[in-house]
Every structure is written in C-alpha cells, then in structure tokens.
Amino acid sequence: EVQLVESGGGLVQPGGSLRLSCAASGFTFSRYDMHWVRQVTGKGLEWVAAIGTGGDTYYPDSVKGRFTISRDNAKNSLYLQMNSLRAGDTAVYYCARDRLTSDWHPWFDPWGQGTLVTVSS
Amino acid sequence: DIQMTQSPSSVSASVGDRVTITCRASQGISSYLDWYQQKPGKAPKLLIYAASSLQSGVPLRFSGSGSGTDFTLTISSLQPEDFATYYCQQANSFPFTFGPGTKVDIK
Chain A
1 EVQLVESGGG LVQPGGSLRL SCAASGFTFS RYDMHWVRQV TGKGLEWVAA IGTGGDTYYP
61 DSVKGRFTIS RDNAKNSLYL QMNSLRAGDT AVYYCARDRL TSDWHPWFDP WGQGTLVTVS
121 S
Chain B
122 DIQMTQSPSS VSASVGDRVT ITCRASQGIS SYLDWYQQKP GKAPKLLIYA ASSLQSGVPL
182 RFSGSGSGTD FTLTISSLQP EDFATYYCQQ ANSFPFTFGP GTKVDIK
C-alpha cells in the first residue's frame, strides 16, 4: 500500500524554525517528484514546494528564501525546513506524491494525513 | 501566477441530484487541470486528472471536461458519501494553484 506519513509539526514562535518530515512507503520513492501543500484551517489549499527526482526544487514567492524542500532517497523520506516562520504560515502541511514522469504537470496522489504547524507567541 | 476561480462556492443538493461545478483559469492551461475531493478532517483525494481522466477507483458518476480556461466537474447522481468540498488545481505551470473550493452539502 502506498503511504505517506508526515511528522514534525507543532507550536513555534514567530521567527522560529521547524523541520517537517514525510516517510514514504509502498513505492519506489526515488522515482517520483514530491510536493508539500498546506491548508489554513477551514480555508483552501496552497502549494508550497516541489522537489524533482534529480533534486531540483521549486517554491512559490510566499515561501521562497524561507522554506527548503529536500529528500533522502536512502531513507525514503521527504523534508521541509521552514525558517523565519510567520503567523500566516500556520496551517496543516501535507506531503503528496506526483505522478510518474510528470514533467512538472503534476497531479497529487496520494496525500499524507497532514501535520499541523502553529506559529504563535 | 494563474488564478483559479470556482462556482458556485457552495451548493445544496439531494441524493440522486446531478451536480456541476465550474472552474475557470485566468489564462489558458490546456488540459492541465485536476480535481480533488476533501472531507472534513481528511486529506484531499484525487478524482480527475488532466481535465477528464478518472483516477483509478473513483466511481463512474464523476466526470470532468474542458480545456483552455473553462472546466467542469460533474457528479451524475449524488450519493451520501459525495458530500464534501471539491477543489480544482492547475498543473500547467509554477506555482501550481488551487481554486477556492466548492462545498457540496445536503439540501
């Protein structure tokens, strides 16, 4: 069974840092591009970061320079390092697998269960 | 960035009703449009990819159509398990963006 399990969420003060992890199983992790998507409670979805099989990375302007996506294929794990956190970053963060050979025309399937990040003093 | 809009923002419907949700992109995105279903407290689930392809395991009552800037998701006969929020997402170019969602609830 293909599965993604996020961890690492929690309460952090504004300006602080947090590292999220996503453990993948049930598929050949190294062959897939991977993404992070977030959702403010009760609100819509926002794509946050992507990493290709070759390690190329992409971000929207809202997090560029503050967030870093990375992967460890040996550990079947995806990461999101979040620095200079703001109240507006408070959200549930999901990791999601892209389709095989998407050429950056992705669809996200499956998604993990999400991990809540709360930025507050 | 490509802006995505959806209409209606919410719809009340009965079991057995036909429901159509519209998604519009601020610029042409070919057929790079996906649809997701999300139930409260759960992660989104892929329903339709590339505008009209049904994801494996998704019931045939779901269908998608469109290209360019205008897209639709249709539920041909609403079932109790279909009450949820539906999001479209453009996969044409970075940054990938989602519509604001359409909530389908019980009439």
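Residue numbers (my numbering), protein chains in the order written: chain A, 1 to 121; chain B, 122 to 228.
Where a beta carbon is used, it is the ideal one built from N, C-alpha and C, also for glycine.
Inter-residue spacing [alpha-carbon to alpha-carbon] between residue i and residue j
i, j, result
"Gly189 (chain B)", "Ser121 (chain A)", "45 Å"
"Gly16 (chain A)", "Gly9 (chain A)", "13 Å"
"Ser177 (chain B)", "Gly185 (chain B)", "14 Å"
"Thr141 (chain B)", "Val5 (chain A)", "33 Å"
"Pro216 (chain B)", "Ser152 (chain B)", "16 Å"
"Pro110 (chain A)", "Lys228 (chain B)", "31 Å"
"Thr118 (chain A)", "Ala87 (chain A)", "8 Å"
"Val225 (chain B)", "Leu181 (chain B)", "18 Å"
"Ala24 (chain A)", "Lys75 (chain A)", "9 Å"
"Cys144 (chain B)", "Cys209 (chain B)", "7 Å"
"Leu78 (chain A)", "Ala172 (chain B)", "28 Å"
"Trp107 (chain A)", "Asn213 (chain B)", "11 Å"
Check: residue i C-beta below 7 Å from any heavy atom of the ligand COA
i, result
"Ser186 (chain B)", "Within the structure as shown, the ligand COA is missing, as the structure has no ligands at all."
Three-state class that DSSP yields for residue i in the structure shown
i, result
"Arg182 (chain B)", "coil"
"Lys75 (chain A)", "helix"
"Phe219 (chain B)", "strand"
"Glu1 (chain A)", "coil"
"Gly88 (chain A)", "helix"
"Arg66 (chain A)", "coil"
"Ser151 (chain B)", "coil"
"Ser30 (chain A)", "helix"
"Asp109 (chain A)", "coil"
"Asp103 (chain A)", "coil"
N- and C-terminal bounds of the beta strand (DSSP E) containing residue i
i, result
"Lys160 (chain B)", "Unbroken run through Lys160 (chain B): none, as it is neither H nor E."
"Phe192 (chain B)", "Asp191 to Ile196"
"Gln39 (chain A)", "Met34 to Gln39"
"Val136 (chain B)", "Premise fails: Val136 (chain B) is in no beta strand (DSSP E) and is neither H nor E."
"Ser21 (chain A)", "Leu18 to Ser25"
"Tyr59 (chain A)", "Counting along the chain, Tyr59 (chain A) falls outside any beta strand (DSSP E), and DSSP gives it neither H nor E."
"Glu46 (chain A)", "Leu45 to Ile51"
"Gly10 (chain A)", "Gly10 to Val12"
Chain A contact residues for residue i, given Cβ-Cβ distances below 8 Å
i, result
"Pro129 (chain B)", "Within chain A, no residue comes near Pro129 (chain B); the closest Cβ sits about 15 Å away, beyond 8 Å."
Residue i: contacting residues in chain B (beta-carbon distance under 8 Å)
i, result
"Tyr32 (chain A)", "What Tyr32 (chain A) touches in chain B: nothing, since even the nearest Cβ is about 14 Å away."
"Gly44 (chain A)", "Tyr208, Phe219, Gly220, Pro221 and Gly222"
Chain B residues whose Cβ lies nearer than 7 Å to that of residue i
i, result
"Phe108 (chain A)", "Leu167"
"Gly88 (chain A)", "The premise fails here: Gly88 (chain A) is roughly 16 Å from chain B at the closest Cβ pair, so nothing lies under 7 Å."
Partner residues on chain A for residue i, Cβ-Cβ distance less than 9 Å
i, result
"Phe215 (chain B)", "Trp47, Ala50, Tyr58, Tyr59, Pro60 and Trp104"
### Query
In chain order, what residues of the stretch 132-156 of chain B put their CB closer than 8 Å to some CB of chain A?
Tyr153 and Asp155
### Query
Between the stretch 156-181 of chain B and chain A, which residues of the former have CB atoms less than 7 Å from a CB of the latter, in chain order?
Ala164, Pro165, Leu167, Tyr170 and Gln176
### Task
Using a Cβ-Cβ cut-off of less than 7 Å, give me the residues of the stretch 51-63 of chain A that come near chain B, in sequence order.
Tyr58 and Pro60
### Task
Quick one: which residues of the stretch 186-205 of chain B get their C-beta closer than 9 Å to a C-beta of chain A? List them in chain order.
none
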